[in-house]
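J.:
There are 4 protein chains.
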Amino acid sequence: MKVIMDLCVVPIGVGVSVSKYVVACHEVLEKAGLQTKLHAYGTNIEGDWDRVMAAVKACHAKIHEMGAPRITTTIKLGTRVDREQSMYEKVDSVVRQQAGGN
Amino acid sequence: MKVIMDLCVVPIGVGVSVSKYVVACHEVLEKAGLQTKLHAYGTNIEGDWDRVMAAVKACHAKIHEMGAPRITTTIKLGTRVDREQSMYEKVDSVVRQQAGGN
Amino acid sequence: MKVIMDLCVVPIGVGVSVSKYVVACHEVLEKAGLQTKLHAYGTNIEGDWDRVMAAVKACHAKIHEMGAPRITTTIKLGTRVDREQSMYEKVDSVVRQQAGGN
Amino acid sequence: MKVIMDLCVVPIGVGVSVSKYVVACHEVLEKAGLQTKLHAYGTNIEGDWDRVMAAVKACHAKIHEMGAPRITTTIKLGTRVDREQSMYEKVDSVVRQQAGGN
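Residue numbers (our numbering), protein chains in the order written: chain A, 1 to 102; chain B, 1001 to 1102; chain C, 2001 to 2102; chain D, 3001 to 3102.
#1: Going by C-alpha distance, which of D/Ile3012, D/Met3005 and D/His3026 is nearest A/Gln98?
#2: Between A/Tyr21, A/Val91, A/Asp48 and A/Val22, which lies nearest to A/Gly33 when the distance is taken from Cα to Cα?
#3: Could you tell me which of D/Val3014, D/Thr3079 and D/Ile3045 sits nearest to D/Cys3008, measuring between CA atoms?
#4: Buried or exposed, going by whether 16 or more other CB atoms sit within 10 Å of the CB of C/Asn2102?
#5: For B/Leu1007, does the three-state DSSP call read helix, strand or coil?
#6: Counting only C-beta atoms, is B/Gly1067 closer than 8 Å to chain D at any point?
#7: Below 9 Å on C-beta distance, what does C/Asp2082 contact in chain B?
#8: Looking at the structure shown, is B/Arg1096 part of a helix, part of a strand, or coil, going by DSSP?
#9: Would a C-beta distance cut-off of 8 Å place A/Ile71 and A/Ile4 closer than the cut-off?
#10: Are there 16 or more other CB atoms within 10 angstroms of the CB of B/Asp1006, so buried, or fewer, so exposed?
#11: Between the Cα of B/Thr1107 and the Cα atoms of B/Ser1086, B/Pro1069 and B/Ser1093, which residue gives the shortest distance?
#12: Closest by CA to B/Arg1051, which one among B/Thr1074, B/Ile1063 and B/Lys1031?
#13: Could you check the C-alpha separation between B/Tyr1088 and A/Arg96 for me, to the nearest Å?
#14: Check whether the Cβ atoms of A/Ala55 and A/Leu38 lie closer than 8 Å to each other.
#15: Alpha carbon to alpha carbon, what distance is there between B/Asp1082 and C/Ser2114?
#16: Under DSSP, the beta strand (DSSP E) around C/Leu2077 begins and ends at which residues?
#17: Quick one: give me the first and last residue of the alpha helix (DSSP H) that A/Glu65 is part of.
#18: Could you give the DSSP three-state label for A/Glu27: helix, strand or coil?
#19: Tell me, to the nearest whole angstrom, how far the beta carbon of D/Thr3043 is from that of A/Lys76; I am working on the premise that it is less than 8 Å.
#20: Take A/Ala68 and list the residues in its own chain whose beta-carbon comes closer than 6 Å to its own, dropping the five residues that flank it on each side.
#21: Which value, in whole angstroms, describes the spacing of the CA atoms of B/Val1091 and A/Val23?
#22: Could you list which residues in chain C have their beta carbon closer than 9 Å to that of B/Met1087, in chain order?
#23: Output yes if chain B places a C-beta closer than 8 Å to the C-beta of A/Lys2; else output no.
#24: Could you pull the start and end residues of the beta strand (DSSP E) that B/Gln1035 belongs to?
#25: Per DSSP, what are the beta-bridge partners of C/Glu2046 in this structure?
#26: When the Cα atoms are used, what is the spatial distance from D/Tyr3021 to D/Ala3040?
#27: In angstroms, rounded to a whole number, what distance separates the CA positions of D/Met3001 and C/Met2053?
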């Protein structure tokens, strides 16, 4: 099963700046060979369900290892069985319609 | 690694009423032997990371099997390594402070 | 427009224990006269869109006032125009079907 | 109060393809003069709290008007009082660290 995910990992108890944890998490996702795209409030990820979920777990493990006692994560995830769709096609579909096309 | 999760599964393309899918998902979680608590906008789940995630995947599989072509799910999940905490303790901690205690 | 919301407010930069902020937020919601129900990963809220949103803003203001430099909040919110539905009916609908009824 | 938001609006009961509703919602946000950035699982928005929230409400109103009987929306929103930060700076901060800088 393929999944498109939006992942936002928030370490708690490490102060107000969390970007180094976001960077570490991003490295974990890259090493996992997943397609990712960072945005201002999370990271889009696309891939096989089990591989994506294993990477999310590895992010939590890594961030705890870096010293964060607590993590709260928000995930949106989509699966579909009617047809294949990549995260780039999702954006394209909207952009094309905005341009007056279809 | 233990996780406390809030899970909200939304089937798309099956009409406006989605409660039968929520029921089916709840059955999957129960069969998995996980502690769960339904609320008005999702289900709290507590358990071992891998078992909880396997159950979430089984929910998606079940709901697709029931005919939903597409599913979008929102998950909040928390892990902590500083101490053990159950989902009942999280609620208790707030309720006790509201009562003027500590 | 009526809304059913799930609200989870996470103060960042105030250490690992956040329950006193959750308590303060809950008080703000109660004072606003909104129907609320706490669960292990947030609070369900039901009411008029503008009043609910004003209360969410008041929660952020209160928590910053208490010293949190940064807040990240996750919200799920539902509106429907086909019929009225309370947050208790949403839970009831699932529980009744689980009991073998309809 | 300034807010950085991630907005994901899901119309329910209108079939499996929801992109025309996403397009309509995006138009509402643009008309509101807000800075936005579409991604594969939502839209990043930056602006004054009240103006952003008014636009979210206008999105719900518009999508119901287009025929969707029910909408479920997932929002992440961040406020901070320690310093100003734009959504572009949030991404930049991560990208710079990835590049080995600081």
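A virtual CB, placed ideally from N, CA and C, is assigned to each residue, including glycine.
T.: On the basis of the coordinates in this document:
#1: Position 98 of the first sequence, counting from 1, holds the residue named residue 98 of chain A. Taking only the C-alpha atoms, the option nearest A/Gln98 is D/His3026.
#2: For this step, residue 33 of chain A is matched to residue 33 along the first sequence. Residue A/Asp48 is the option with its Cα nearest to A/Gly33.
#3: Here residue 3008 of chain D refers to the residue found at position 8 when the fourth sequence is read from its first residue. Out of D/Val3014, D/Thr3079 and D/Ile3045, D/Ile3045 has the C-alpha closest to the C-alpha of D/Cys3008.
#4: Counted from its first residue, the third sequence places residue 2102 of chain C at position 102. Any reading at C/Asn2102 must be qualified, since the residue scores a pLDDT of 48, below 50, and its modelled position is unreliable; the value itself is stated next. C/Asn2102 should be labelled exposed.
#5: As a position in the second sequence, residue 1007 of chain B is number 7, starting the count at 1. Three-state DSSP puts B/Leu1007 in a strand.
#6: For the purposes of this step, residue 1067 of chain B is taken as residue 67 along the second sequence, with counting starting at 1. Not an interface residue.
#7: As a working mapping, residue 2082 of chain C is identified with position 82 in the third sequence. Val1016, listed in chain order.
#8: The residue given as residue 1096 of chain B occupies position 96 in the second sequence. Looking at B/Arg1096 - three-state DSSP - the assignment turns out to be helix.
#9: Within the first sequence, numbered from 1, the residue matching residue 71 of chain A stands at position 71. Within the first sequence, numbered from 1, the residue matching residue 4 of chain A stands at position 4. Not in contact: A/Ile71 and A/Ile4 (Cβ atoms no closer than 8 Å).
#10: Stepping through the second sequence from its first residue, residue 1006 of chain B is reached at position 6. With 16 or more other Cβ atoms within 10 Å, it is buried.
#11: For residue 1107 of chain B there is no data in the structure shown, the boundaries of chain B being 1001 and 1102.
#12: Counting from 1 along the second sequence, the entry for residue 1051 of chain B is found at position 51. Checked all of B/Thr1074, B/Ile1063 and B/Lys1031; the closest Cα to B/Arg1051 is B/Lys1031.
#13: For the purposes of this step, residue 1088 of chain B is identified with residue 88 of the second sequence, where counting begins at 1. For the purposes of this step, residue 96 of chain A is identified with residue 96 of the first sequence, where counting begins at 1. Each residue's Cα considered, the two are about 48 Å apart.
#14: What you label residue 55 of chain A is simply residue 55 of the first sequence in a count that begins at 1. What you label residue 38 of chain A is simply residue 38 of the first sequence in a count that begins at 1. Going by C-beta atoms, A/Ala55 is not nearer than 8 Å to A/Leu38.
#15: Outside the shown range of chain C, which is 2001 to 2102, sits residue 2114 of chain C, and nothing can be said about it.
#16: Numbered from 1 along the third sequence, position 77 holds the residue referred to as residue 2077 of chain C. Segment Arg2070 to Arg2080, the beta strand (DSSP E) holding C/Leu2077.
#17: As a working note, residue 65 of chain A is residue 65 in the first sequence. Trp49 to Glu65 is the extent of the alpha helix (DSSP H) around A/Glu65.
#18: Position 27 of the first sequence, counted from the first residue, corresponds to residue 27 of chain A. In this structure, A/Glu27 counts as helix in the three-state DSSP scheme.
#19: Start at 1 with the first residue of the fourth sequence, and residue 3043 of chain D comes out as number 43. Start at 1 with the first residue of the first sequence, and residue 76 of chain A comes out as number 76. D/Thr3043 to A/Lys76, Cβ: 12 Å. No contact.
#20: If you number the first sequence from 1, residue 68 of chain A lands on position 68. Closer than 6 Å at the Cβ level, and outside the excluded window around A/Ala68, lie Pro11 and Val14.
#21: Counting from one through the second sequence, the residue named residue 1091 of chain B turns up at place 91. Counting from one through the first sequence, the residue named residue 23 of chain A turns up at place 23. Each residue's alpha carbon lies about 32 Å from the other.
#22: As a first step, residue 1087 of chain B is located in the second sequence; it is residue number 87 there, counting from the start. In chain order: His2039, Ala2040 and Tyr2041.
#23: Looking up residue 2 of chain A in the first sequence gives position 2. With 8 Å as the cut-off, A/Lys2 does not count as an interface residue toward chain B.
#24: Numbered from its first residue, the second sequence carries residue 1035 of chain B at position 35. Where B/Gln1035 is concerned, the enclosing beta strand (DSSP E) stretches over Gln1035 to His1039.
#25: One-based indexing of the third sequence puts residue 2046 of chain C at position 46. Note: C/Glu2046 sits in a beta bridge opposite C/Ile2004 and C/Gln2035.
#26: The residue labelled residue 3021 of chain D in the question sits at position 21 within the fourth sequence. The residue labelled residue 3040 of chain D in the question sits at position 40 within the fourth sequence. Distance between the alpha carbons of D/Tyr3021 and D/Ala3040 is about 14 Å.
#27: Reading the fourth sequence from its first residue, position 1 is the one you call residue 3001 of chain D. Reading the third sequence from its first residue, position 53 is the one you call residue 2053 of chain C. So the two alpha carbons sit approximately 14 Å from each other.
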